[in-house]
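Here is the structure we will look at.
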Amino acid sequence: MARILVTGGAGYIGAHACKALRAAGHEPVALDDLRTGWREAVRFGPLIEADLNDLDATRAALAQARPDAVMHFAALSNVGESVRSPGLYWRNNVGGSLNLLEAMVETGVRAIVFSSTAATYGEPDVELIDEDQPQRPINPYGASKLAVERMLDDFEAAHGLRTAALRYFNVAGADPEAEIGERHQPETHLIPLVLDAAAGAREALSIFGRDYDTPDGTCVRDYVHVWDLIEAHLLALERLMGGARGIRLNLGVGRGHSVREVIEAAERVLGRRVPVRDAPRRPGDPSRLVCDGSRARAELGWEPRLSTLERMIADAWRWRCSGGFGP
Ligand code: UDP
């Protein structure tokens, strides 16, 4: 059993990590400033309310939690916002991570699993993105995550930290037991917005661009179930605790789905119509991001089991119908 500090533990992916850590016999301690997280999502261990931008508060949190390792999810993650307000992303995502790493070194915490992103690859030249592709982000969100990966390289070399950076493709779905799920305020992610439109909570889903160079003209993404994603984190953590270093892996399933296909799958699963309208392209969106997921399978023995569109939509819907978080 290990004590794991989960930054962003009140957020979508961090809360699922806390639940999975607890289920695996570990002791999760959530750290969150509740700026974008939900107090109701912290159900599997204590919460330390702190902002990673505050170095003293970060030091105090590590001294209080005395974790064996850190899972670092806390970040702003909205591509459109990052294009409009890059300073926010550099300050928060990069500055917060720097404070965390410095405080880890000071307090002797040796291992970190970092939530990185396929957005670090930018607009890829290949159909399936493997880990050797050049990382050339096209928006400040991706750039801020890449900067943290570089920081991890340097801290690993200088201070002997053991680090894993897991580059997520599109995370979706909810806890199969529907205790926690995805909620952002405002919501910008495709699947929750599709569900809102299906439920009549918004007039129509905006399709951001139908003129991309993809089979149906809408953007293609590789969707991975949050529960599968977290399983990869537990496997990476195990490897780090066993002495591994420099884990850099893509987490996706290797199958692309267009925005159109997501809408059609939701209509099938929910038995409802999803009203849509056409909208301009969203700045910063690459046309296609699909993963070559073979390295994570080989290195971690990871096997995504829940990552079909149908299952992700069904689990997200079930959680939404159970009440969700917030007003
Ligand atoms: N998208 C869309 N309408 C929306 C929200 C998203 O057409 O209201 C598209 C978006 O352009 C992207 C895909 O859905 O191609 C997934 O977007 P999301 O924000 O969920 O994740 P991202 O790919 O930005 O991480």
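Reading the sequence shown from the start, the letters are residues 1 to 327 in UniProt numbering. Cβ atoms here follow ideal geometry from the backbone N, Cα and C, with glycine treated the same way. Fair warning: this is a prediction, and the values are worked out from it, not measured in the lab.
Worksheet item: Are the Cβ atoms of H72 and L100 separated by less than 8 angstroms?
Response: Yes, these two residues count as a Cβ contact at 8 angstroms.
Discussion item. Rounding to the nearest angstrom, what Cα-Cα distance links G301 and L62 in this structure?
Written reply: The alpha-carbon atoms of G301 and L62 are separated by roughly 31 angstroms.
Fill in: Check whether residue 337 and V79 have beta carbons under 8 angstroms apart
Residue 337 lies beyond the stretch modelled for the chain, which goes from 1 to 327, so this question has no answer here.
Discussion item. What does the alpha-carbon distance come out to for the pair L98 and E264?
Written reply: Distance between the alpha carbons of L98 and E264: 42 angstroms.
Worksheet item: Within 7 angstroms: the Cβ of V148 and any heavy atom of the ligand UDP?
Response: Because no heavy atom of the ligand UDP lies under 7 angstroms away, the Cβ of V148 does not count as near it: no.
Worksheet item: On the three-state DSSP scale, how would you describe S77?
Response: The DSSP-derived three-state label of S77 is coil.
Discussion item. Determine whether the beta carbon atoms of A165 and L152 lie at a separation below 8 angstroms.
Written reply: Closer than 8 angstroms, so yes.
Discussion item. Can you tell me where the alpha helix (DSSP H) holding D153 begins and where it ends?
Written reply: Start and end: 140-159.
Discussion item. Quick check: does the Cβ of R210 come within less than 7 angstroms of any heavy atom belonging to the ligand UDP?
Written reply: Because no heavy atom of the ligand UDP lies under 7 angstroms away, the Cβ of R210 does not count as near it: no.
Worksheet item: Does L237 get closer than 8 angstroms to chain C when you measure Cβ to Cβ?
Response: No chain C appears in this structure, which consists of one protein chain only.
Practice prompt. May I have the straight-line CA-CA distance separating E310 from E177, to the nearest angstrom?
Written response: Here the C-alpha atom of E310 lies approximately 16 angstroms from the C-alpha atom of E177.
Worksheet item: Using the beta-carbon count (16 or more within 10 Å), is A314 buried or exposed?
Response: With 16 or more Cβ atoms within 10 Å of its Cβ, A314 is classed as buried.
Worksheet entry | Neighbour-count burial assignment, Q135, 16 or more Cβ in a 10 Å radius | Counting of Cβ neighbours within 10 angstroms places Q135 among the buried residues, the total reaching 16 or more.
Worksheet item: Should the segment 217-232 be regarded as contacting the segment 286-306, the criterion being three or more beta carbon pairs within less than 8 angstroms?
Response: Flag = yes, the segment 217-232 and the segment 286-306 touch.
Discussion item. In whole angstroms, give me the CA-to-CA distance for T214 and V253.
Written reply: T214 and V253 have their alpha carbons spaced roughly 19 angstroms apart.
Discussion item. Considering Cα atoms alone, identify which of V276, G271, L251, N250 is closest to R260.
Written reply: Nearest to R260 by alpha-carbon distance, out of V276, G271, L251, N250, is V276.
Worksheet item: Near E102, which residues of its chain fall below 6 angstroms by C-beta distance, leaving aside the five closest residues on each side in sequence?
Response: So no residue of the chain qualifies.
Item to complete: Going by CA-CA distance only, name the one from T58, V70, R35 that's closest to P28.
Response: For the set T58, V70, R35, the Cα lying nearest the Cα of P28 is the one of V70.
Worksheet item: Around the C-beta of H26, are 16 or more other C-beta atoms found within 10 angstroms, so that it is buried, or is it exposed?
Response: Around the Cβ of H26, a 10 Å sphere holds 16 or more other Cβ atoms; the residue is buried.
Worksheet item: Ends of the alpha helix (DSSP H) at T107?
Response: Note, T107: alpha helix (DSSP H), 96-107.
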